[in-house]
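Undergrad: The sequence shown: position 262 = 262 (the working numbering), numbered continuously.
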Amino acid sequence: MLLSASIVSFAVVLYLIASQKERSGKPAFYAIYLLLTAGIFGMVSTGDLFNFFVFLEINSLSASALVSYHRRGGFAAEGAFKYCVMNTIGGMMVLFAIGLLYAQYNSLNMAVIAANISLTTLNVLALVLFLTALCLKAGAVPFHFATPDAYSVAPSGITALMVVASQAGLYGLFRILFTVYGGVFNAAVIGWIIIVIGILSMVIGVTMAIPQKDVKRLLSYHAVSQTGYMLLGVGVALAVLGDPASMEAFGQTSMEGGLFHIFNHALYKGLLFLAVGAVIYRTGVWSLNKMGGLGHSMKLTSVFFLIGALAIAGIPPFNGFASKLMIYESTFAFSPILSIIAMVVSILTLASFMKVFHSIFMGPKQPEFDKVREVPKPMIIAMIILTIFVIGFGIFPDIVVDNIISPAATALLDKGAYIMSVFGGGL
């Protein structure tokens with residue numbers, strides 16, 4: 001998660017150097033940007049629940065400020081307000097859940113709580129609060145209320161990093177489910193809850209994206225849809241956690257596919273938001289109905305967008321295909337219907353993005369865009385960085401899975417090893 005956040009954050013900084021050049025208030029803008037980055041880094045690094053809450057609040061508040069920093073009329077203020085309110089409610093849920101655990105175990109350390117936790121009414125209530133709040137942070141259906149409104153009006157570089165900020169919520173959810181509560185609750189029941197949320201996110205996200213005319217709002221709903229794949233992969237692993245044979249056959253692969261998709265989504269979705277931001281930077285237009293023919297003067301941007309579009313649709317040889325294939329195969333072994341739904345959503349995603357690509361870049365050039373040219377070099381370099389990873393992870397997925405994803409999945413599944421490592425080999 002730190003590697004994912006670092007890559008996107010670095011690329012976005014390069015992008016912002018050019019895209020925010022003519023804007024005012026840059027010192028405060030970059031200070032808040034660094035706060036958002038620190039919030040993400042802290043969430044995925046800490047083993048202390050209260051520190052997790054503090055970094056979650058830093059993450060949410062700084063993102064809200066950045067959404068409306070360069071206002072797009074009242075829409076930006078509205079999007080920032082909704083995002084702030086919903087994430088504040090989620091933060092209160094997390095804080096209350098932490099209080100319930102602290103009251104019982106007199107500790108905020110995840111390893112200490114994990115070593116002593118049992119299935120009590122208070123712990124079940126805390127789990128429900130964690131699950132609701134962190135799904136809200138991740139923008140999963142039915143807790144996605146504020147995500148499209150905020151993503152669609154934020155500066156495009158900021159939106160790319162906000163995708164990673166949302167995924168930090170997924171990280172927290174998985175740490176709670178596996179590291180803290182692992183082995184305590186009925187994994188099959190919780191697994192199916194996660195699966196249902198994942199399927200709803202996939203289907204509702206893509207169906208809401210298709211009719212959108214605002215290109216950034218369309219991308220925002222696709223971000224909701226892609227979150228469903230991550231939840232589906234990890235949900236399947238949870239559902240078979242108590243069955244060693246199924247875990248060995250497809251559960252581990254499903255888990256790795258879900259985690260790999262988190263990494264891949266940050267890269268290709270970041271690339272898509274940067275490419276669309278480049279178009280808006282040059283044209284000042286958000287509506288697909290008012291675009292057309294920009295591929296004639298923005299050739300590099302059109303290529304970057306096409307690569308991101310093929311990756312999000314799961315087309316080889318790009319990284320989205322590698323992680324989706326793992327999810328398809330493992331989910332099919334668990335339930336063919338779930339796998340078919342996931343593949344149909346990918347087909348709809350591809351159709352949606354081909355329509356978007358045609359609307360923006362293909363056809364005759366519009367007269368009002370005669371003077372449009374390619375974006376500055378720092379913005380191009382930022383998109384090149386993400387493109388390299390999108391292609392590289394797609395061509396060499398085994399290297400990434402074996403050295404990064406598989407150890408991460410094993411660390412989540414092996415709760416005892418985490419506890420022992422924190423306590424230095426003994427309680």
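Note that the Cβ used here is the ideal one computed from N, Cα and C, for glycine as well.
Nothing here was measured: the structure is a model prediction, and the numbers come from that model.
For Ala223 and Val163, which I take to be in contact (beta-carbon distance under 8 Å), what is that distance rounded to the nearest angstrom?
TA: As a position in the sequence shown, residue 223 is number 223, starting the count at 1. As a position in the sequence shown, residue 163 is number 163, starting the count at 1. Ala223 to Val163, Cβ: 6 Å. Contact.
Undergrad: So, for Ser201: in the same chain, excluding its five sequence neighbours on each side, which residues have a beta-carbon less than 6 Å away from its beta-carbon?
TA: Here residue 201 refers to the residue found at position 201 of the sequence shown. For Ser201, where only same-chain residues beyond five positions count, the Cβ hits under 6 Å are Ala140, Val141, Val224, Thr227 and Gly228.
Undergrad: Using the C-alpha atoms, what's the distance from Pro244 back to Ile380?
TA: Numbered from 1 along the sequence shown, position 380 holds the residue referred to as residue 380. Numbered from 1 along the sequence shown, position 244 holds the residue referred to as residue 244. If I take the Cα positions, the gap works out to 48 Å.
Undergrad: Can you name, in chain order, every residue of its own chain whose Cβ lies under 6 Å from the Cβ of Phe250, other than the five neighbours on each side?
TA: By one-based count along the sequence shown, residue 250 stands at place 250. Contacts found: Ser330 and Ala333.
Undergrad: Determine the burial state of Val216: buried for a count of at least 16 other Cβ atoms within 10 Å of its Cβ, exposed for fewer.
TA: In the sequence shown, residue 216 corresponds to position 216, counting from 1. Here residue 216 turns out to be Lys, not Val, going by the sequence shown. Counting Cβ neighbours within 10 Å, Lys216 comes out buried, since at least 16 surround it.
Undergrad: Could you compute how far the alpha carbon of Gly270 sits from the alpha carbon of Ala160?
TA: Taking the first residue of the sequence shown as position 1, residue 270 is located at position 270. Taking the first residue of the sequence shown as position 1, residue 160 is located at position 160. In a straight line, the C-alpha of Gly270 is about 4 Å away from that of Ala160.
Undergrad: DSSP has Asp429 in a bridge; who is on the other side?
TA: The structure shown does not extend to residue 429, since the chain is modelled only from 1 through 427, so no value can be given for it.
Undergrad: If you check the beta carbons only, do Phe389 and Ile17 fall under 8 Å apart?
TA: As a first step, residue 389 must be located in the sequence shown, where it is residue number 389. As a first step, residue 17 must be located in the sequence shown, where it is residue number 17. Going by C-beta atoms, Phe389 is not nearer than 8 Å to Ile17.
Undergrad: In angstroms, rounded to a whole number, what distance separates the CA positions of Arg23 and Val54?
TA: Residue 23 sits at position 23 when you count from the first residue of the sequence shown. Residue 54 sits at position 54 when you count from the first residue of the sequence shown. Straight-line Cα distance between these residues: approximately 30 Å.
Undergrad: Hey, how far is the Cα of Ala165 from the Cα of Ile40?
TA: If you number the sequence shown from 1, residue 165 lands on position 165. If you number the sequence shown from 1, residue 40 lands on position 40. Computed Cα separation, rounded: 6 Å.
Undergrad: How long is the line joining the alpha carbons of Pro27 and Gly308, rounded to whole angstroms?
TA: Locating residue 27 in the sequence shown gives position 27, counting from the first residue. Locating residue 308 in the sequence shown gives position 308, counting from the first residue. Rounded to whole angstroms, Pro27 to Gly308 spans 31 Å at the Cα level.
Undergrad: Please classify His144 as buried or exposed, where buried requires at least 16 other C-beta atoms within 10 Å of its C-beta.
TA: Taking the first residue of the sequence shown as position 1, residue 144 is located at position 144. Counting Cβ neighbours within 10 Å, His144 comes out buried, since at least 16 surround it.
Undergrad: Check whether the region 370 to 387 touches the region 298 to 318, counting contact only when three or more Cβ pairs, one atom from each stretch, lie closer than 8 Å.
TA: Short answer: they touch.
Undergrad: In angstroms, rounded to a whole number, what distance separates the CA positions of Leu403 and Met354?
TA: Here residue 403 refers to the residue found at position 403 of the sequence shown. Here residue 354 refers to the residue found at position 354 of the sequence shown. Here the sequence assigns Asn to residue 403, which means Leu is not the residue at that position. Spanning the two alpha carbons is a distance of roughly 34 Å.
Undergrad: Suppose the cutoff is 8 Å on Cβ atoms and the five residues either side in sequence are ignored; what does the same chain contact list for Gly183 look like?
TA: Counted from its first residue, the sequence shown places residue 183 at position 183. Lys415, listed in sequence order.
Undergrad: Thinking C-alpha only, which one of Leu134, His261, Tyr268 and Leu238 is nearest Met93?
TA: Position 93 of the sequence shown, counted from the first residue, corresponds to residue 93. Of the listed residues, the one whose Cα sits closest to Met93 is Leu134.
Undergrad: Between Leu430 and Leu232, is the Cβ-Cβ spacing less than 8 Å?
TA: In the structure as shown, the chain begins at 1 and stops at 427. Residue 430 is therefore absent and cannot be evaluated.
Undergrad: Going by alpha carbons, who is nearest to Ala275 out of Leu35, Ser156 and Leu14?
TA: Mapped onto the sequence shown, residue 275 falls at position 275. Among Leu35, Ser156 and Leu14, the Cα nearest to that of Ala275 belongs to Ser156.
Undergrad: Using a Cβ-Cβ cutoff of less than 7 Å, which residues in the same chain neighbour Ile113 once the five nearest sequence positions on both sides are dropped?
TA: Taking the sequence shown and counting its residues from 1, one reaches residue 113 at position 113. Leu101, Tyr105, Ser107 and Val180, listed in sequence order.
Undergrad: In angstroms, rounded to a whole number, what distance separates the CA positions of Ile395 and Tyr268?
TA: Here residue 395 refers to the residue found at position 395 of the sequence shown. Here residue 268 refers to the residue found at position 268 of the sequence shown. The straight-line gap from Cα to Cα measures roughly 14 Å.
Undergrad: Rounded to the nearest angstrom, what separates Leu66 and Leu34 at their Cα positions?
TA: For the purposes of this step, residue 66 is taken as residue 66 along the sequence shown, with counting starting at 1. For the purposes of this step, residue 34 is taken as residue 34 along the sequence shown, with counting starting at 1. So the two alpha carbons sit approximately 11 Å from each other.
Undergrad: Hey, Tyr83 and Ala126: beta-carbon distance below 8 Å or not?
TA: Here residue 83 is taken as the residue at index 83 of the sequence shown, counted from 1. Here residue 126 is taken as the residue at index 126 of the sequence shown, counted from 1. Taking 8 Å as the Cβ cut-off, Tyr83 and Ala126 do not qualify as a contacting pair.
Undergrad: Could you give the DSSP three-state label for Asn109: helix, strand or coil?
TA: One-based indexing of the sequence shown puts residue 109 at position 109. In the structure shown, Asn109 sits in a strand (DSSP, three-state: E or B).
Undergrad: Going by DSSP in three states, Asp243 sits in which element: helix, strand or coil?
TA: Taking the sequence shown and counting its residues from 1, one reaches residue 243 at position 243. Asp243 falls in the coil class under three-state DSSP.
Undergrad: Measure the alpha-carbon distance for Leu412 versus Ser62 and round it to whole angstroms.
TA: Start at 1 with the first residue of the sequence shown, and residue 412 comes out as number 412. Start at 1 with the first residue of the sequence shown, and residue 62 comes out as number 62. One C-alpha to the other measures close to 29 Å.
Undergrad: Need the endpoints of the alpha helix (DSSP H) that Gly475 sits in, please.
TA: Lying before the first or after the last residue shown, residue 475 is absent from the chain, which here runs from 1 to 427.
Undergrad: Just the C-alpha distance for Ile193 and Leu294, rounded to the nearest angstrom, thanks.
TA: The count along the sequence shown starts at 1 and reaches residue 193 at position 193. The count along the sequence shown starts at 1 and reaches residue 294 at position 294. One C-alpha to the other measures close to 44 Å.
Undergrad: Given that a residue counts as buried once 16 or more other Cβ atoms are within 10 Å of its Cβ, and exposed if not, what is Gly74?
TA: Taking the sequence shown and counting its residues from 1, the one referred to as residue 74 is at position 74. Gly74 comes out exposed.
Undergrad: What number of angstroms, rounded off, separates the C-alpha of Leu173 from the C-alpha of Gly42?
TA: Here residue 173 refers to the residue found at position 173 when the sequence shown is read from its first residue. Here residue 42 refers to the residue found at position 42 when the sequence shown is read from its first residue. Rounded to whole angstroms, Leu173 to Gly42 spans 15 Å at the Cα level.
Undergrad: Ignore the nearest five residues each way along the sequence and tell me which others in Val285's own chain have a CB closer than 7 Å to its CB.
TA: Reading the sequence shown from its first residue, position 285 is the one you call residue 285. Closer than 7 Å at Cβ, skipping near neighbours: Met291.
Undergrad: Could you check whether Val12 and Tyr171 sit closer than 8 Å to each other, using their CB atoms as the reference points?
TA: Counting from one through the sequence shown, the residue named residue 171 turns up at place 171. Counting from one through the sequence shown, the residue named residue 12 turns up at place 12. Result no, Cβ atoms of Tyr171 and Val12 do not sit closer than 8 Å.
Undergrad: For Asp370, which of helix, strand or coil comes out of DSSP?
TA: Residue numbering aside, residue 370 sits at position 370 when the sequence shown is read from its first letter. Three-state result, Asp370: coil.
Undergrad: Using a Cβ-Cβ cutoff of less than 6 Å, which residues in the same chain neighbour Gln212 once the five nearest sequence positions on both sides are dropped?
TA: Along the sequence shown, one-based indexing puts residue 212 at 212. The answer, listed in chain order, is Leu218.
Undergrad: Is it buried or exposed, Val189, if we count other Cβ atoms within 10 angstroms and call 16 or more buried?
TA: To locate residue 189, count along the sequence shown from 1; it is residue 189. Exposed: under 16 other Cβ atoms inside 10 Å.
Undergrad: Starting from the Cα of Met255, find the closest Cα among Ser302, Ala146, Phe393 and Ile195 and give me that residue.
TA: Counting from 1 along the sequence shown, the entry for residue 255 is found at position 255. Of the candidates Ser302, Ala146, Phe393 and Ile195, the one whose C-alpha sits nearest the C-alpha of Met255 is Ile195.
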